[in-house]
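Following: one structure in structure tokens, then a few remarks.
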Amino acid sequence: MIEFKNVRKAFGKRVVLDDLSIVIPPGKITFIIGKSGEGKSVTIKNLMGLMHPDRGEIVVDGEDITRLDEEQLRLYRRKFGMLFQNAALFDSMTVGENVIFPLREHTRQPLPAMLERVEQVLALVGLPGIQHKYPTELSTGEKKRVGLARALVTKPKFLLYDEPTTGMDPLVSEMIDGLIVQINRDVPGVSSIVISHDLKAALATAENIVMLYHGKVALAGSPEDFRKTKDPVVRQFFSGSVEGPMEFL
Amino acid sequence: MPVRTAEIAVNWLGVEATARLVEIGKFFVYVGDVLKQSVRKPMRTSLVFQQLEFIGNQSLNIILLTGFFTGAVFGLQIGGIFQIFKAEGLMGAATAKALTRELAPLMTGFLISGRVGSAMTAELATMRVNEQIDAMEAMGVDPINYLVVPRFIASLAIIPLLCVVFIFIGVIGAYATGVWIFRVDVGIFIEKMTQIVNMTDIWNGLEKSAVFAVLMSLIACRYGLRASGGAKGVGIATTNSVVVSLLAILCFDVFLTYAQVKF
Numbered sequence: 001m002i003e004f005k006n007v008r009k010a011f012g013k014r015v016v017l018d019d020l021s022i023v024i025p026p027g028k029i030t031f032i033i034g035k036s037g038e039g040k041s042v043t044i045k046n047l048m049g050l051m052h053p054d055r056g057e058i059v060v061d062g063e064d065i066t067r068l069d070e071e072q073l074r075l076y077r078r079k080f081g082m083l084f085q086n087a088a089l090f091d092s093m094t095v096g097e098n099v100i101f102p103l104r105e106h107t108r109q110p111l112p113a114m115l116e117r118v119e120q121v122l123a124l125v126g127l128p129g130i131q132h133k134y135p136t137e138l139s140t141g142e143k144k145r146v147g148l149a150r151a152l153v154t155k156p157k158f159l160l161y162d163e164p165t166t167g168m169d170p171l172v173s174e175m176i177d178g179l180i181v182q183i184n185r186d187v188p189g190v191s192s193i194v195i196s197h198d199l200k201a202a203l204a205t206a207e208n209i210v211m212l213y214h215g216k217v218a219l220a221g222s223p224e225d226f227r228k229t230k231d232p233v234v235r236q237f238f239s240g241s242v243e244g245p246m247e248f249l
Numbered sequence: 250m251p252v253r254t255a256e257i258a259v260n261w262l263g264v265e266a267t268a269r270l271v272e273i274g275k276f277f278v279y280v281g282d283v284l285k286q287s288v289r290k291p292m293r294t295s296l297v298f299q300q301l302e303f304i305g306n307q308s309l310n311i312i313l314l315t316g317f318f319t320g321a322v323f324g325l326q327i328g329g330i331f332q333i334f335k336a337e338g339l340m341g342a343a344t345a346k347a348l349t350r351e352l353a354p355l356m357t358g359f360l361i362s363g364r365v366g367s368a369m370t371a372e373l374a375t376m377r378v379n380e381q382i383d384a385m386e387a388m389g390v391d392p393i394n395y396l397v398v399p400r401f402i403a404s405l406a407i408i409p410l411l412c413v414v415f416i417f418i419g420v421i422g423a424y425a426t427g428v429w430i431f432r433v434d435v436g437i438f439i440e441k442m443t444q445i446v447n448m449t450d451i452w453n454g455l456e457k458s459a460v461f462a463v464l465m466s467l468i469a470c471r472y473g474l475r476a477s478g479g480a481k482g483v484g485i486a487t488t489n490s491v492v493v494s495l496l497a498i499l500c501f502d503v504f505l506t507y508a509q510v511k512f
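Protein sequences, first through last, are from chains D and W. All residue numbers for the first sequence refer to our numbering, where the first residue is 1 and numbers rise by one. All residue numbers for the second sequence refer to our numbering, where the first residue is 250 and numbers rise by one.
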């Protein structure tokens, strides 16, 4: 389980996370949503230990990660697999080299076993046999799926998705959302955390949703809770209307 | 009004100076990290060999061409002066002395900063702005260990060797002008050169070259890792990296030359 306890993070005078407290349950798909600049990425960077909160605790499996030093954080990050917004594949490497990279770095498995695992995860994301291709030869959707295969290859406990469908056409978005559900169902013990501003995708895919507003939780609950809520901020975000309490930058 | 202007100027200087000092402090922390990671496992031998090939092998042609022409031009210039004093026989010695102590390490440093340093910065900066370095960190891999250390070790190992090649080919350039244009006797050319140039000169040149290699690789990687702001950011990082590398090389050249001459 992941728990943020009164986490504060400011950049100069701008407070991005303001006493943020959230609970992310294990084994579920949790969407963290909110409009741009509400601290979704900052939340995930704090969770990965890539950024440190000014105060508060981030407890992951009973351990407060804000107390870990850089070496311990490096080990801690191996619990995570992350799909970046632009997939962030190493463009000097082939697909196979990209996917095998975390295995080579963190395991002592023999090469044939690693190659077999690469084949497995590429098949899981629907792209078997493309190990020899370079990222430049792939479409945006394929890059995302290879990024997902790379995130999955070490069998992480937590899978993080940073804006997985931003800039995608509806068909690819649908396919990525389907993959998130499929992987969370088929990979035992994995918890998926999705950063998104797509409330409709969240309602269709998530089991748990946390909406951030002004550095705090506007609403946390199931998709049903979000459908029923009368909270004007959530309603405005849901409808996409410019009329309402939510200001636009 | 002048008091107010002076106050603003002093404040601005204070802020600027503090920012520069913080930046220098951070650079030293980064250097410490690179040195620490250089002796820490995993040793990335294959990445070091890739960089040796890129820095050494792929720079060989430009080093050979520049070395030959530098030696030939220096020979022509100095030969013309020595001719006035009927001392053309010394031109080989003078050229070799200048090449070993100054021209070869400096020119090699400049060429490598332009060719290799810019490429290092551009590659790492592109990786930074495309989130590839963030991905590496998220996978628990230290970018300093994976990206900087192999470049640093390979630069330190191969650039002094390129400097030796520069000296050798530069002497051939001087020989060509001396023997074919100024009609210097081959025996005299070689004898004077071996009399005047000694191992200390070569060692001093290699020392400089090693220091320039360290400066170039550290500065180039630092600017690459800190890049931001898309394609424009990559361009800015690359330009700044080359300019700072060249200035650092010139600045350290003065101190090293002073130390070598005095001690």
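Backbone N, C-alpha and C fix where the C-beta goes; we use that ideal spot for every residue, glycine too.
Please report the straight-line C-alpha distance between residue i and residue j, rounded to a whole angstrom.
{"i": "serine 191(D)", "j": "valine 413(W)", "result": "58 Å"}
{"i": "threonine 375(W)", "j": "glutamate 272(W)", "result": "22 Å"}
{"i": "valine 210(D)", "j": "lysine 230(D)", "result": "16 Å"}
{"i": "isoleucine 312(W)", "j": "leucine 411(W)", "result": "7 Å"}
{"i": "glutamate 207(D)", "j": "glycine 189(D)", "result": "15 Å"}
{"i": "alanine 368(W)", "j": "methionine 82(D)", "result": "28 Å"}
{"i": "glycine 324(W)", "j": "leucine 309(W)", "result": "22 Å"}
{"i": "isoleucine 304(W)", "j": "glycine 454(W)", "result": "19 Å"}
{"i": "glutamine 509(W)", "j": "methionine 448(W)", "result": "13 Å"}
{"i": "phenylalanine 461(W)", "j": "arginine 289(W)", "result": "24 Å"}
{"i": "serine 222(D)", "j": "aspartate 61(D)", "result": "22 Å"}
{"i": "lysine 28(D)", "j": "glutamate 386(W)", "result": "25 Å"}
{"i": "arginine 227(D)", "j": "aspartate 69(D)", "result": "42 Å"}
{"i": "threonine 315(W)", "j": "lysine 511(W)", "result": "30 Å"}
{"i": "alanine 258(D)", "j": "isoleucine 22(D)", "result": "No answer is possible for residue 258(D): it lies beyond the span of chain D, which begins at 1 and ends at 249."}
{"i": "isoleucine 498(W)", "j": "leucine 355(W)", "result": "8 Å"}
{"i": "threonine 506(W)", "j": "valine 194(D)", "result": "58 Å"}
{"i": "glycine 96(D)", "j": "alanine 258(W)", "result": "57 Å"}
{"i": "glutamate 71(D)", "j": "leucine 124(D)", "result": "32 Å"}
{"i": "proline 25(D)", "j": "leucine 47(D)", "result": "14 Å"}
{"i": "phenylalanine 101(D)", "j": "valine 322(W)", "result": "50 Å"}
{"i": "arginine 74(D)", "j": "aspartate 391(W)", "result": "8 Å"}
{"i": "alanine 149(D)", "j": "valine 118(D)", "result": "8 Å"}
Could you tell me whether any non-hydrogen atom of the ligand FMN is closer than 7 Å to the CB of residue i?
{"i": "valine 233(D)", "result": "Of the ligands one can find in the structure shown there are none, so the ligand FMN has no counterpart to examine."}
Measuring alpha carbon to alpha carbon, tell me which residue in the options is nearest residue i.
{"i": "asparagine 394(W)", "options": "Tyr424(W), Phe276(W), Arg293(W) and Leu262(W)", "result": "Arg293(W)"}
{"i": "histidine 132(D)", "options": "Ser222(D), Val99(D) and Pro26(D)", "result": "Val99(D)"}
{"i": "phenylalanine 11(D)", "options": "Gly37(D), Ile32(D) and Ile29(D)", "result": "Gly37(D)"}
{"i": "isoleucine 382(W)", "options": "Val492(W), Cys470(W), Ser308(W) and Ala342(W)", "result": "Cys470(W)"}
{"i": "lysine 40(D)", "options": "Phe237(D), Lys216(D), Glu243(D) and Pro188(D)", "result": "Lys216(D)"}
{"i": "phenylalanine 504(W)", "options": "Tyr472(W), Glu456(W) and Gly281(W)", "result": "Glu456(W)"}
{"i": "glycine 178(D)", "options": "Tyr134(D), Gly126(D), Ala113(D) and Ala151(D)", "result": "Gly126(D)"}
{"i": "proline 291(W)", "options": "Arg108(D), Met114(D) and Gly167(D)", "result": "Arg108(D)"}
{"i": "leucine 474(W)", "options": "Arg269(W), Gly263(W), Arg253(W) and Phe276(W)", "result": "Phe276(W)"}
{"i": "valine 397(W)", "options": "Cys500(W), Gly274(W), Gln300(W) and Phe334(W)", "result": "Gln300(W)"}
{"i": "leucine 20(D)", "options": "Ile183(D), Lys9(D) and Val95(D)", "result": "Lys9(D)"}
{"i": "isoleucine 402(W)", "options": "Pro251(W), Gly320(W), Val463(W) and Leu360(W)", "result": "Val463(W)"}
{"i": "glutamate 137(D)", "options": "Lys79(D), Asp169(D), Leu89(D) and Arg104(D)", "result": "Leu89(D)"}
{"i": "leucine 352(W)", "options": "Gly419(W), Ala406(W) and Leu284(W)", "result": "Gly419(W)"}
Tell me, to the nearest whole angstrom, how far the beta carbon of residue i is from that of residue j; I am working on the premise that it is less than 8 Å.
{"i": "glycine 141(D)", "j": "methionine 175(D)", "result": "7 Å"}
{"i": "glycine 389(W)", "j": "arginine 77(D)", "result": "4 Å"}
{"i": "leucine 159(D)", "j": "glycine 34(D)", "result": "About 20 Å separates the two Cβ atoms, so there is no contact after all."}
{"i": "histidine 121(D)", "j": "valine 153(D)", "result": "In the sequence on display, residue 121(D) carries valine and not histidine. Contact flag correct, Cβ pair sits at about 5 Å."}
{"i": "serine 477(W)", "j": "glycine 366(W)", "result": "The pair is not a contact, with the Cβ atoms about 19 Å apart (cut-off 8 Å)."}
{"i": "aspartate 450(W)", "j": "threonine 349(W)", "result": "4 Å"}
{"i": "alanine 486(W)", "j": "threonine 370(W)", "result": "5 Å"}
{"i": "glutamate 372(W)", "j": "asparagine 86(D)", "result": "About 17 Å; that fails the 8 Å criterion."}
For chain W, check one thing: does any of its Cβ atoms lie closer than 8 Å to the Cβ of residue i?
{"i": "arginine 117(D)", "result": "no"}
{"i": "leucine 75(D)", "result": "yes"}
{"i": "histidine 106(D)", "result": "yes"}
{"i": "arginine 78(D)", "result": "yes"}
{"i": "proline 53(D)", "result": "no"}
{"i": "leucine 50(D)", "result": "yes"}
{"i": "asparagine 46(D)", "result": "no"}
{"i": "alanine 220(D)", "result": "no"}
{"i": "proline 102(D)", "result": "yes"}
Taking 8 Å as the threshold (beta carbon to beta carbon), is residue i in contact with chain D?
{"i": "valine 252(W)", "result": "no"}
{"i": "glutamine 307(W)", "result": "no"}
{"i": "glutamine 381(W)", "result": "yes"}
{"i": "alanine 384(W)", "result": "yes"}
{"i": "aspartate 391(W)", "result": "yes"}
{"i": "valine 387(W)", "result": "The identity of residue 387(W) in the sequence shown is alanine, whereas the question assumes valine. True, the Cβ-Cβ gap to chain D drops below 8 Å."}
I want to verify the contact list: residues of chain A whose CB lies under 8 Å from the CB of residue i, in sequence order.
{"i": "methionine 114(D)", "result": "In the displayed structure, chain A is absent; the protein chains listed are D and W."}
At 3 residues or longer, and completely inside the stretch 159 to 205 of chain D: list those beta strand (DSSP E) runs for me, N to C. Fully enclosed beta strand (DSSP E) runs of 3 or longer: 191 to 196.
To test your reading of the DSSP string, which unbroken beta strand (DSSP E) runs of 3 or more residues are found completely within the stretch 38 to 114 of chain D? The stretch 38 to 114 of chain D is shown to contain whole beta strand (DSSP E) runs of 3 or more residues at 55 to 60 and 80 to 83, in chain order.
Suppose only complete runs of 4+ residues qualify. What are the alpha helix (DSSP H) ranges in the stretch 281 to 339 of chain W, listed by chain order? If we require 4 residues or more, the alpha helix (DSSP H) runs fully inside the stretch 281 to 339 of chain W come out as 294 to 304 and 309 to 333.
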